[in-house]
Structures are given as structure tokens and as C-alpha cells.
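A.B. asks: Here the sequence shown is numbered in this note's numbering, starting from 2 and rising by one per residue.
Cβ coordinates follow ideal geometry from the N, Cα and C atoms, glycine included.
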Amino acid sequence: MNQRFLINRGDAKVMGVAAGLADYSGIDPTIIRLGFIAAVLLTGPMMILFYVLAGLLAPAQ
Numbered sequence: 002m003n004q005r006f007l008i009n010r011g012d013a014k015v016m017g018v019a020a021g022l023a024d025y026s027g028i029d030p031t032i033i034r035l036g037f038i039a040a041v042l043l044t045g046p047m048m049i050l051f052y053v054l055a056g057l058l059a060p061a062q
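(1) Could you check the C-alpha separation between Arg10 and Leu22 for me, to the nearest Å?
(2) Which residue wins for smallest C-alpha separation from Ile33, given the options Asp12, Leu57, Arg5 and Gln4?
(3) Report the option in Gln4, Phe6, Arg5 and Ala19 whose CA atom is closest to the CA atom of Ile38.
(4) Taking the CB atoms as reference points, tell me whether Ala59 and Phe6 lie closer together than 7 Å.
(5) Go to Ala60, then tell me how far its alpha helix (DSSP H) extends in each direction, as first and last residue.
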């Protein structure tokens with residue numbers, strides 16, 4: 002298994018992080034996006050910071 006996490010700008014709603022995670026894990030992107038929303042509600046700015054950092058630092062497809 003030589004799979005890497007890549008930003009998916011083709012299916013992006015904001016930065017492509019959720020779409021990239023969905024491609025990497027094989028889960029529907031909508032579920033990943035709902036998970037991000039739930040995590041933001043639970044952790045506040047920490048998850049937003051993670052999302053922005055992942056969007057800026059991860060390589061794109």
C-alpha cells in the first residue's frame with residue numbers, strides 16, 4: 002500500500018482537505034465534512050487551525 006494523502010481540488014468545497022481525506026480513507030466526502038463540522042463545534046479554533054494547515058501544507062493532486 003503506497004497511498005499518500007493528497008489535497009483533492011477537483012472535489013473541493015473549501016480547500017480540498019475533506020475530499021483528500023475521503024479519497025485516502027475511502028469514506029464518502031460528505032461524512033468527512035460533517036465530521037469536520039462536529040469537530041469544530043467540539044474543539045473550536047483548534048480544528049479550524051488543523052484544516053487550514055493541512056490545506057496549506059499537504060501536496061495537491
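C.D. replies: Here's the rundown:
(1) 12 Å
(2) With distances taken between Cα atoms, Ile33 lies closest to Asp12.
(3) Comparing alpha carbon positions, the residue from Gln4, Phe6, Arg5 and Ala19 closest to Ile38 is Ala19.
(4) yes
(5) Here residue 60 is Pro; the residue named in the question, Ala, does not match the sequence. From DSSP, Pro60 is part of no alpha helix (DSSP H); its letter is neither H nor E.
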